[in-house]
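Q: Per our numbering, the sequence shown starts with residue 193, numbered consecutively.
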Amino acid sequence: MTALQTRPSESAVPPAGTPYDQFTVVKAKNPGRWAATAVVAVLLAMVLNSLITNPRWEWDVVVAYLGEVSIIRGVWTTIQLTLITAVLGFALGTVLALMRLSRSPLLRSVSWGYTWVFRSVPLILQLLLWYNLAYLYQTLEIGIPFGPAFASVETLSLIGKFGAAILGLGLHQAAYSAEIVRAGILSVDQGQHEAAASLGIPRRRQSTKIVLPQAMRTIVPTAVNEIIGLFKGTSIVYVLALGELFYTVSVIYGRTQRVLPMLVVAAIWYVVLTTVVTVVQYYVERYYAKGAVRTLPLTPLQRLRGNLTAGISRVRSTSGQDPVTR
């Protein structure tokens, strides 16, 4: 049985010796991509039409409350909670990670036990425990262990709603941050440790000057995801009646009965805060990518400027104007 072979026509094959610039380049057809694009475009149009034409969204109420003073105050409280707890969580988490990697069995055990306990207990329960700390200890003292106290303060005056929220969120975050930092340190090639040790560099200097800067390439993406989670996780402190964004919104819709518009207001602010953190993440990752890649990726602004320049050049070339000599 002979297989039939199809050969291109003589007119379709360019003669031998034809210069490359005279070849006709035929673009590949991608019907699946065009079909998927059309489907997504239709779905987006349907969603936008629903958002615009459905009066029950009450966009006028959303706009009216978006910049309301109490909402802005709640946003600021959310930002404060996130920044303070992120610094506390990652500072303590870094210490716990180094303890976990220590040669001391006691330090390793304490670090492991801390992570185990704080990851096991729900965050809402931790918040309530810290808020009721005054029931266990009426005063907090500073002094010699098992000896006299130099100073004391009432627990209620020191740990209020904001303090309990900071302790609950920060100590809970430290347990997760410790694992993130530890994973980043372990991702550094073992040869880096051996080279530093062979040069006689102390272990502390190895950690701060050699290991941690390289580990940041692995730590930063996951750490920023944790910070974004903190932004949204601060809403759980509503159980303490602390005036952050979600609690403020819930108070307003409880008074006005405009539940959905107020939830949209909160959602918009959370999206704005997350977007800001995401932009910061991009530039931090780009900074720590130095030395790992030969060419840094273009920033969005650089890509936009390049696309605009290319578009202007194409327009001028099609209109017969030289973009260089014009």
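Ideal Cβ placement from N, Cα and C applies to all residues, glycine included.
1. With 16 as the cutoff for other CB atoms within 10 Å, does residue 236 come out buried or exposed?
2. In the region 207-270, which residue ranges form an unbroken alpha helix (DSSP H) of at least 4 residues, counting only runs that do not cross its ends?
3. Mark residue 196 as exposed unless 16 or more other C-beta atoms lie within 10 angstroms of its C-beta, in which case mark it buried.
4. Would the beta-carbon of residue 228 fall within 9 Å of that of residue 309?
5. I need the straight-line Cα distance from residue 385 to residue 453, nearest angstrom please.
6. On the DSSP bridge assignment, give the partners of residue 307 in chain order.
7. Smallest Cα separation from residue 349: which of 335, 369, 336, 324?
8. Buried or exposed: which applies to residue 446, given that a residue is buried once 16 or more other Cβ atoms fall within 10 Å of its Cβ?
9. What does DSSP give as the partner residue(s) for residue 335 in the beta ladder?
10. Can you tell me where the alpha helix (DSSP H) with residue 391 in it begins and where it stops?
11. Exposed or buried, residue 269, counting other C-beta atoms within 10 Å across all chains shown (16 or more means buried)?
12. Using CA coordinates, which residue listed in 302, 330, 280, 365 is at the minimum distance from residue 318?
13. Looking only at its own chain, which residues have a Cβ that is under 6 Å from the Cβ of residue 286, when we skip the five neighbours before and after it?
14. Using C-beta distances below 7 Å, list every residue in its chain close to residue 532, excluding the 5 sequence neighbours before and after it, in chain order.
15. If you follow the alpha helix (DSSP H) that residue 414 is part of, which residue opens it and which one closes it?
16. For residue 477, does the three-state DSSP call read helix, strand or coil?
17. From the DSSP output, read off the bridge partner residues of residue 346.
18. Do the region 392-409 and the region 241-261 meet, that is, are 3 or more Cβ pairs less than 8 Å apart?
19. Which same chain residues, not among the five before or five after residue 333, have their C-beta less than 6 Å away from its C-beta?
20. Could you compute how far the alpha carbon of residue 435 sits from the alpha carbon of residue 266?
21. Taking the alpha carbon of residue 382 as the point to measure from, which residue in 363, 392, 403 has its own alpha carbon closest?
22. Where residue 354 and residue 398 are concerned, what is the direct C-alpha to C-alpha distance, given to the nearest angstrom?
23. Go ahead and label residue 338 buried or exposed: buried means 16 or more other beta carbons lie within 10 angstroms of its beta carbon, across all protein chains shown.
24. Just to confirm the assignment, what range does the alpha helix (DSSP H) spanning residue 374 have?
25. Use the C-beta contact count for residue 460: other C-beta atoms within 10 angstroms, 16 or more gives buried, fewer gives exposed.
26. Rounded to whole angstroms, what's the CA-CA distance from residue 294 to residue 396? Just pull it up for me.
27. Between which residues of its own chain and residue 437 is the CB-CB distance below 8 Å, once the five residues before and five after are set aside?
28. How is residue 318 classed by DSSP in three states: helix, strand or coil?
29. On the DSSP letters alone, give me the boundaries of the alpha helix (DSSP H) that residue 444 sits inside.
30. How is residue 433 classed by DSSP in three states: helix, strand or coil?
31. Excluding the five sequence neighbours on either side, which residues of its own chain have a C-beta within less than 8 Å of the C-beta of residue 358, listed in chain order?
32. Just the C-alpha distance for residue 501 and residue 388, rounded to the nearest angstrom, thanks.
33. Cβ atoms of residue 416 and residue 330: under 9 Å apart, would you say?
A: The short version:
1. exposed
2. 223-245, 251-258
3. Any answer about residue 196 is weak, because its pLDDT of 49 lies below 50 and its placement is not dependable; what the coordinates show is given next. It counts as exposed.
4. no
5. 55 Å
6. Answer is none; residue 307 lacks a bridge partner.
7. 324
8. exposed
9. 341
10. Counting along the chain, residue 391 falls outside any alpha helix (DSSP H), and DSSP gives it neither H nor E.
11. buried
12. 365
13. 373
14. Look at the range of the chain in this structure, 193 to 518, and you will see that residue 532 is not part of it.
15. 404-425
16. helix
17. 331
18. no
19. 341, 344
20. 6 Å
21. 403
22. 38 Å
23. exposed
24. 353-379
25. exposed
26. 11 Å
27. 263, 266, 267, 269, 270, 426, 427, 458, 461, 462
28. helix
29. 437-448
30. coil
31. 273, 276, 277, 280
32. 47 Å
33. no
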